[in-house]
Amino acid sequence: MPIRQLSETMINQIAAGEVIERPASVVKELVENALDAGAARVEIVTAGGGLNLIRVTDDGSGIPEKELALAIARHCTSKLADNIHDIRSLGFRGEALPSIGSVARLSIRSRTANGDSAAEIGIEGGRVSAVKPAAANRGTTVEVRDLFFATPARLKFMRGERAESSATSDVIKRIAIAFPAVRFTLAGSDRSTLELPATDDSPEGRLRRVAQVMGADFPANAIAIDAVRDGVHLAGHVSIPSFSRANALQQYAYVNGRPVRDKLIAGAIRGAFADVLPRDRHAVTVLFLTLDPAIVDVNVHPAKADVRFRDPGLVRGLIVGAIREALANAGIRAATSGAAGMMAAFRPGAASYAHSGPANGHRSYEAAYRASGSAGFDPARSPQRPLDMGFENTEPGNGGFGENDQAAFDAGPLHSADARAGQTETAETLLGTVLGAARAQVHENYIVAQTRDSLVIVDQHAAHERLVYEALKNALHSRAVPSQMLLLPEIVDLPEEDAERLAMHSETLARFGLAVERFGPGAVAVRETPSMLGETNVQQLVRDLADEIADNDTVDTLKERLDRIAATMACHGSVRSGRLLKPEEMNALLRQMEATPGSGTCNHGRPTYIELKLADIERLFGRR
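As numbered in this note's numbering, residues 29 to 652 make up the sequence shown, in order.
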């Protein structure tokens, strides 16, 4: 077959295969055009999941009548000057409108602020109609009907109306978070109306918009992020570890105001929460990266959802470091969803979890303690007491146990409510702490504590597991990891560039107990491995490290393996469920939780405590 020039319609249909994947892609492109035009109000109407109708109306600057024909021509745009490296708008390729018009029936009606009337142009399956007068307010209305009628094969790959409508809603929500000063409305016969009122561009306004999209629970369970490194600014909010989701759909990321789905950012978020969330749980995040457009490439794919950074290691390090620092500085916090679940369980008609036997099988702490005899938990002889968690500094105010805690430890058991009422000022002081004063241990696993305005229930095993893990991890990373020398060096064949990357990171790897050195142009020799790993697949470990360094310029794979071993050791070395604790031991555990970052969740991501406010308890009894 001879070489020939493709028709303009064929070229646009090929482009549409990349730009227009589904109705949500059309909505994204049209809404971005409206925002680039300075719209303060954007209204979207759909029918048939967007396959039958998509109508986007805005109050932006509009398109002059003489430019309407250019607007639907390929590679015509008003958003890009001569510098492709200085992109400050959402759209810039000039492909969306002609691509849509090549596979659907498209009409554009627009009026500028200074125009006496509006004008309209249409395109149907690539055939352009003449510009004609129309009636319209200032702004632009773009209407798309019968999407993919010109490419019937594409219709076979569309999902149901509900799935397509859900994808469109997600697109609008992602865009709306980045533009809080714009009012968005999404309506149609196939959906319930989604309305997002305008707020403002202040941090408070952005958080209100985030609450509109992600629910009112998020601000109460979020931590603010604000960090700068080498000209890259990171801002936004992340959820506390105990407020997580089963998927990553509520992780929103923006680069210079552009919604993106970037694997580097997603991997950095996962790495930042690796110590506090299990692998099947995901944090809820809204992160805004602001940087010089010249050091980020948004022209990776026509859909513009992927980006490439000139220095990916800098961006990843900024995200991981900022989130971990924010989590450490946030102190210990319980998710409000835990209290809501407890409230629901207490309401009349909730499922009963009572045990059989006299008085539901409950027995008082005093009776249980006396009945346990020598089998009870004795801090003087047990290797699992809360004081033996590797925190050597026991001076007050330095993360160890203070004078008040030691006084409580020396005071002896509290046997009754009358004894608690006669406590000295120390007990009253404990009520003012985050987790309060221990009052009882129920079912030999849960510590019930009281603060001045709430009731706190602590899972003793989960809490102590986190404390032991943090102690092990701090000890692990404060000095070089012990290593074991291999009888014969392990030679790993690699591409030359991977071997070079490993050699460049050899000092960091040695600190984690892995001794690596070059062995010719395309291989490395491994002479020592971390003792904690025991028998390990050296070949696979080194190749995994080489892949990670190539992707992210880090050696976190080895660090994460060591941390997982420390987590396992912590799980087996912590206070077990069913072990009776004295009140002074319980108070000591609570104080150490307050002084340890991340102690709101255990190593597996489960919450270590739940807080129920006094106001909630009063509502349960009809006092409010």
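The beta carbon of each residue, even a glycine, is placed where N, CA and C say it ideally should be.
#1: For the beta strand (DSSP E) holding H265, just list the boundary residues, first then last.
#2: Identify, in the order they occur along the chain, each residue of the same chain with its Cβ nearer than 6 Å to the Cβ of M614, setting aside the five sequence neighbours on each side.
#3: Using only the alpha-carbon positions, how far apart do I82 and D245 sit?
#4: By alpha-carbon positions, which one of S272, R529, A595 and L516 ends up nearest to D581?
#5: Would you please state the rounded distance, in angstroms, between the beta carbons of V47 and A124? I believe it to be under 8 Å.
#6: Give me the Cα-Cα distance between P517 and D575, rounded to the nearest whole angstrom.
#7: Beta-carbon separation of V70 and V54 under 7 Å?
#8: Take A362 as the anchor and find which of D144, V283, H632 and G628 has the nearest alpha-carbon.
#9: Tell me the rounded alpha-carbon separation between L346 and R257.
#10: Which class does N426 belong to by DSSP, given the choice of helix, strand or coil?
#11: Give the secondary structure of M513 by DSSP, where H, G and I count as helix, E and B as strand, and everything else as coil.
#12: Between which two residues does the beta strand (DSSP E) containing G658 stretch?
#13: Nearest to G90 by CA position, among T313, R50, V266 and D144, is which residue?
#14: Any idea what DSSP makes of Q33, helix, strand or coil?
#15: To the nearest angstrom, how far is it from the Cα of M186 to the Cα of G154?
#16: Classify H261 as buried or exposed, calling it buried when 16 or more other Cβ atoms lie within 10 Å of its own Cβ.
#17: Buried or exposed, going by whether 16 or more other CB atoms sit within 10 Å of the CB of G389?
#18: For T564 and R507, I'd like the C-alpha separation in whole angstroms.
#19: Report the option in G550, P558 and A490 whose CA atom is closest to the CA atom of V509.
#20: Do you know whose CA, among S272, P51 and M242, lies nearest L183's CA?
#21: Can you check DSSP and say which residues form a bridge with L609?
#22: Below 7 Å CB to CB, which residues in the same chain sit around A75 once its five sequence neighbours on both sides are set aside?
#23: DSSP three-state label for L315, please.
#24: Can you pull the DSSP bridge partners for D478?
#25: For chain C, check one thing: does any of its Cβ atoms lie closer than 7 Å to the Cβ of A643?
#26: For P549, does the count of other Cβ atoms within 10 angstroms reach 16, so buried, or fall short, so exposed?
#27: If you draw a straight line from the C-alpha of V484 to the C-alpha of D644, how long is it?
#28: Suppose contacts are defined by Cβ-Cβ distances below 7 Å. Is A147 in contact with R166 by that definition?
#29: Going by alpha carbons, who is nearest to A252 out of R494, L235 and S106?
#30: Starting from Q279, follow its DSSP beta bridges and name the residues at the other end.
#31: With distances taken from CA atoms, which of A578, A553 and D579 is nearest Q567?
#32: Which same chain residues end up closer than 6 Å to A399 when comparing Cβ atoms and leaving out the 5 residues on each side of it in sequence?
#33: Apart from the five residues on each side of it in sequence, which residues of its chain come closer than 6 Å, Cβ to Cβ, to G541?
#34: For a quick check, are the C-beta atoms of I351 and A274 less than 7 Å apart?
#35: List, from N- to C-terminal side, the alpha helix (DSSP H) runs of 4 residues or more that fit wholly inside the region 114 to 159.
#36: Please report the distance separating the alpha-carbon of L63 from that of G88.
A quick look at the data gives this:
#1: If you number the sequence shown from 1, residue 265 lands on position 237. V260 to S267 is the span of the beta strand (DSSP E), which, as asked, contains H265.
#2: The sequence position of residue 614 within the sequence shown is 586, counting from 1. Closer than 6 Å at Cβ, skipping near neighbours: A466 and I475.
#3: Position 54 of the sequence shown, counted from the start, is the residue given in the question as residue 82. Position 217 of the sequence shown, counted from the start, is the residue given in the question as residue 245. In a straight line, the C-alpha of I82 is about 32 Å away from that of D245.
#4: Taking the sequence shown and counting its residues from 1, one reaches residue 581 at position 553. Of the candidates S272, R529, A595 and L516, the one whose C-alpha sits nearest the C-alpha of D581 is R529.
#5: If you number the sequence shown from 1, residue 47 lands on position 19. If you number the sequence shown from 1, residue 124 lands on position 96. With 8 Å as the limit, V47 and A124 qualify as a contact, their Cβ atoms being about 6 Å apart.
#6: As a working note, residue 517 is residue 489 in the sequence shown. As a working note, residue 575 is residue 547 in the sequence shown. Taking the CA atoms as reference points, P517 sits about 21 Å from D575.
#7: Within the sequence shown, numbered from 1, the residue matching residue 70 stands at position 42. Within the sequence shown, numbered from 1, the residue matching residue 54 stands at position 26. Going by C-beta atoms, V70 is not nearer than 7 Å to V54.
#8: By 1-based counting over the sequence shown, the position of residue 362 is 334. With distances taken between Cα atoms, A362 lies closest to G628.
#9: Within the sequence shown, the letter at position 318 stands for residue 346. Within the sequence shown, the letter at position 229 stands for residue 257. Taking the straight line from one Cα to the other gives about 7 Å.
#10: Counting from 1 along the sequence shown, the entry for residue 426 is found at position 398. With a pLDDT of 37 at N426, under the threshold of 50, the predicted position of this residue should be treated as unreliable, and no value is reported.
#11: Position 485 of the sequence shown holds residue 513. DSSP places M513 in strand when its eight states are reduced to three.
#12: The structure shown does not extend to residue 658, since the chain spans only 29 to 652, so no value can be given for it.
#13: Start at 1 with the first residue of the sequence shown, and residue 90 comes out as number 62. Answer by Cα proximity: D144.
#14: Position 5 of the sequence shown holds residue 33. Three-state result, Q33: coil.
#15: Position 158 of the sequence shown, counting from 1, holds the residue named residue 186. Position 126 of the sequence shown, counting from 1, holds the residue named residue 154. For M186 and G154, the distance between alpha carbons rounds to 21 Å.
#16: Within the sequence shown, numbered from 1, the residue matching residue 261 stands at position 233. Answer is exposed; the Cβ neighbour count stays below 16.
#17: In the sequence shown, the residue the question calls residue 389 occupies position 361. Confidence is the limiting factor: at G389 the pLDDT is only 35, short of 50, which leaves the residue's position unreliable and the question unanswerable from this model.
#18: Residue numbering aside, residue 564 sits at position 536 when the sequence shown is read from its first letter. Residue numbering aside, residue 507 sits at position 479 when the sequence shown is read from its first letter. Roughly 22 Å between the two C-alpha positions.
#19: Along the sequence shown, read from residue 1 onward, the residue named residue 509 stands at position 481. It is P558 whose Cα lies nearest to the Cα of V509.
#20: As a position in the sequence shown, residue 183 is number 155, starting the count at 1. That would be P51, whose Cα lies nearest to the Cα of L183.
#21: Position 581 of the sequence shown holds residue 609. DSSP, once it has assigned bridges, lists no residue as partnering L609.
#22: Start at 1 with the first residue of the sequence shown, and residue 75 comes out as number 47. Within the same chain, A75 has close Cβ partners L81, G216, S217 and D218.
#23: Translated into the one-based positions of the sequence shown, residue 315 becomes position 287. L315: strand per DSSP, three-state reduction.
#24: Taking the sequence shown and counting its residues from 1, one reaches residue 478 at position 450. The question names Asp, yet the displayed sequence has Gln at residue 478. A465 and L483, per the DSSP bridge assignment.
#25: Although the question refers to chain C, the structure presented lacks it and comprises just one protein chain.
#26: Walking along the sequence shown from the start, residue 549 turns up at place 521. Flag for P549 reads exposed.
#27: Along the sequence shown, one-based indexing puts residue 484 at 456. Along the sequence shown, one-based indexing puts residue 644 at 616. The straight-line gap from Cα to Cα measures roughly 12 Å.
#28: What you label residue 147 is simply residue 119 of the sequence shown in a count that begins at 1. What you label residue 166 is simply residue 138 of the sequence shown in a count that begins at 1. Cβ distance not < 7 Å, so A147 and R166 don't count as in contact.
#29: What you label residue 252 is simply residue 224 of the sequence shown in a count that begins at 1. Ranking R494, L235 and S106 by Cα distance to A252 puts L235 first.
#30: Taking the sequence shown and counting its residues from 1, one reaches residue 279 at position 251. Beta-bridge pairing links Q279 to T313.
#31: On the sequence shown, position 539 is the one that residue 567 refers to. With distances taken between Cα atoms, Q567 lies closest to A553.
#32: For this step, residue 399 is matched to residue 371 along the sequence shown. Low confidence applies to A399: its pLDDT is 38, below 50, so where it sits in the model is not reliable, and the reading given next is rough at best. Within the same chain, A399 has no close Cβ partners at all.
#33: Position 513 of the sequence shown, counted from the first residue, corresponds to residue 541. Contacts found: V509, S511 and P558.
#34: Residue numbering aside, residue 351 sits at position 323 when the sequence shown is read from its first letter. Residue numbering aside, residue 274 sits at position 246 when the sequence shown is read from its first letter. Cβ atoms of I351 and A274: not closer than 7 Å.
#35: 124 to 131
#36: If you number the sequence shown from 1, residue 63 lands on position 35. If you number the sequence shown from 1, residue 88 lands on position 60. Take the alpha-carbon of L63 and the one of G88: they are about 8 Å apart.
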